[in-house]
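Participant: Residue numbers (the working numbering): 4 to 365.
For each residue, glycine too, the CB sits at the ideal point set by N, CA and C.
Take this structure first; my questions come after.
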Ligand SMILES: Cc1ncc(COP(=O)(O)O)c(C=O)c1O
């Protein structure tokens with residue numbers, strides 16, 4: 004049997020009911036700024052679609068209707084799409100399908116912990132190329148390219164826009180790089196692409212050694228249902244599907260996905276509003292001695308004296324932020340903006356806690 008250590012457990016934002024119980028709090032009392040999920044909720048038709056789902060039947064194993072809809076959306080063939088239980092499942096499947104003991108894997112950090120965890124469970128050797136604080140977390144593109152040439156990884160994981168930094172890499176640069184390293188599989192995580200200011204659509208077409216991952220959990224607020232998909236060439240999709248557990252995408256999630264994708268107006272309008280409110284929160288933090296980091300997303304990093312302390316102080320006020328220690332950033336919290344009134348509550352608390360939360364000036 005495979006042995007596993009707690010080192011392999013990655014940390015995520017979002018509410019942990021067991022932790023709240025220790026503070027005598029209930030999940031519905033908490034304002035969650037720690038998960039990068041649309042605070043305006045899913046498109047209105049989603050709840051009806053879920054209610055109409057026949058939950059006493061097995062779901063369509065191949066997610067046929069949803070794949071067809073996604074294929075039309077992206078202008079690709081249906082067999083170029085695989086739907087998964089969130090982008091997380093597809094990251095996991097990429098490791099199961101392609102990584103073997105000691106295979107080198109390259110990851111640009113700081114980033115989502117799911118890549119490293121999946122690679123380590125597959126006993127691969129992980130090489131992290133880290134963006135530096137002093138350069139505002141600009142993706143370390145030159146170092147990444149050098150590593151590709153010298154380590155010859157089996158897989159390279161790259162998120163754009165990235166979590167937690169909100170930084171982006173141009174699709175054209177990735178396509179060029181993937182073309183010149185055809186022996187490397189690139190897992191291009193675009194889970195947050197719908198949250199960018201401009202609709203970038205699918206941008207440049209990608210070579211066959213790139214798997215693009217998308218998520219409906221963030222932009223379409225389906226985090227509790229879990230829904231993501233991969234876009235790649237049909238052979239790659241078949242390889243991923245081969246290692247996918249049956250029925251991993253449940254019926255309500257498939258119905259929700261179909262309804263959500265039929266209402267692009269809701270996502271467009273709510274994301275625009277979400278971005279405006281987050282930008283205003285950033286400005287008001289700057290006006291109050293804080294120095295939020297630049298980000299292309301409605302979430303951003305905020306330098307603090309100690310992330311664990313800041314998170315705890317805010318949680319005592321029923322406000323949850325992401326402690327970024329698990330990203331290797333113990334001096335940062337990540338804040339995902341919410342509505343105007345909710346952001347105001349967080350701002351007031353941060354102003355009140357300045358003496359405990361602000362980093363020491365040197
Ligand atoms: C960059 C990135 N990719 C993927 C995921 C997981 O997405 P999903 O909820 O679709 O599994 C996350 C979640 O935080 C993320 O930050």
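What are the complete beta strand (DSSP E) segments, minimum 3 residues, inside the stretch 196-239?
Facilitator: 213-218, 231-234, all fully within the stretch 196-239.
Participant: Among 223, 181, 225, which one has its Cα closest to the Cα of residue 209?
Facilitator: Of 223, 181, 225, the residue nearest in Cα terms is 181.
Participant: Tell me whether residue 270 sits in a helix, a strand or coil according to DSSP, three-state version.
Facilitator: In this structure, residue 270 counts as helix in the three-state DSSP scheme.
Participant: Among residues of its own chain, excluding the 5 on either side of residue 147, which ones have a beta-carbon nearer than 6 Å to its beta-carbon?
Facilitator: Closer than 6 Å at Cβ, skipping near neighbours: 111, 132.
Participant: Suppose you measure from the CA of residue 252 to the CA of residue 240; what does that come to, to the nearest Å?
Facilitator: For residue 252 and residue 240, the distance between alpha carbons rounds to 16 Å.
Participant: Give the C-beta separation of residue 28 and residue 216 to the nearest angstrom, bearing in mind that I take them to be a contact with Cβ-Cβ under 8 Å.
Facilitator: At roughly 34 Å, the Cβ-Cβ gap does not stay under 8 Å, so residue 28 and residue 216 are not in contact.
Participant: When we look at the beta-carbon of residue 22 and count the other beta-carbons within 10 Å, is it buried (16 or more) or exposed?
Facilitator: Residue 22 is exposed by the Cβ-count criterion.
Participant: Please identify the residue among 101, 339, 310, 282 whose C-alpha is closest to the C-alpha of residue 362.
Facilitator: Residue 310 is the option with its Cα nearest to residue 362.
Participant: Looking only at DSSP bridge pairs, what is residue 131 linked to?
Facilitator: DSSP output for residue 131 lists 110 as bridge partner(s).
Participant: In chain order, what residues of the same chain lie with their CB nearer than 7 Å to the CB of residue 314, ignoring the 5 residues before and after it?
Facilitator: Excluding positions up to five away in sequence, the list reads 324, 326, 336.
Participant: Use the C-beta contact count for residue 89: other C-beta atoms within 10 angstroms, 16 or more gives buried, fewer gives exposed.
Facilitator: Per the 10 Å Cβ criterion, buried.
Participant: With 16 other CB atoms within 10 Å as the buried threshold, where does residue 197 fall?
Facilitator: Buried, by the Cβ-count rule.
Participant: Does the Cβ of residue 302 lie closer than 7 Å to at least one heavy atom of ligand 1?
Facilitator: Outside the cutoff, so no.
Participant: Report the CB separation of residue 302 from residue 39 in whole angstroms; it is logged as a contact under 8 Å.
Facilitator: The pair is a contact, with the Cβ atoms about 5 Å apart (cut-off 8 Å).
Participant: Can the beta-carbon of residue 105 be found closer than 8 Å to that of residue 237?
Facilitator: No, they are not a contact pair.
Participant: Work out the CA separation of residue 275 and residue 35 for me, nearest whole Å.
Facilitator: Rounded to whole angstroms, residue 35 to residue 275 spans 20 Å at the Cα level.
Participant: Any heavy atom of ligand 1 closer than 7 Å to the CB of residue 220?
Facilitator: Because some heavy atom of ligand 1 lies under 7 Å away, the Cβ of residue 220 counts as near it: yes.
Participant: Please state the DSSP three-state secondary structure of residue 341.
Facilitator: It is coil, neither helix nor strand.
Participant: Quick one: any contact between the stretch 253-268 and the stretch 57-77, if contact means 3 or more CB pairs under 8 Å?
Facilitator: In short, these stretches touch, since the Cβ pair count reaches three.
Participant: How would you write the range of the alpha helix (DSSP H) that residue 360 sits in, first residue to last?
Facilitator: Looking at the DSSP string, the run of the alpha helix (DSSP H) that includes residue 360 is 357-360.
Participant: When DSSP labels each residue in this structure, what does residue 27 get in the three-state scheme?
Facilitator: Of the three classes helix, strand and coil, the one that applies to residue 27 here is coil, per DSSP.
Participant: Are the CB atoms of residue 102 and residue 71 within a distance shorter than 8 Å?
Facilitator: Not closer than 8 Å, so no.
Participant: Do you know whose CA, among 340, 330, 316, lies nearest residue 359's CA?
Facilitator: Per the Cα distances, 316.
Participant: Is residue 231 near ligand 1, in the sense that its beta carbon is under 7 Å from a heavy atom of that ligand?
Facilitator: Yes.
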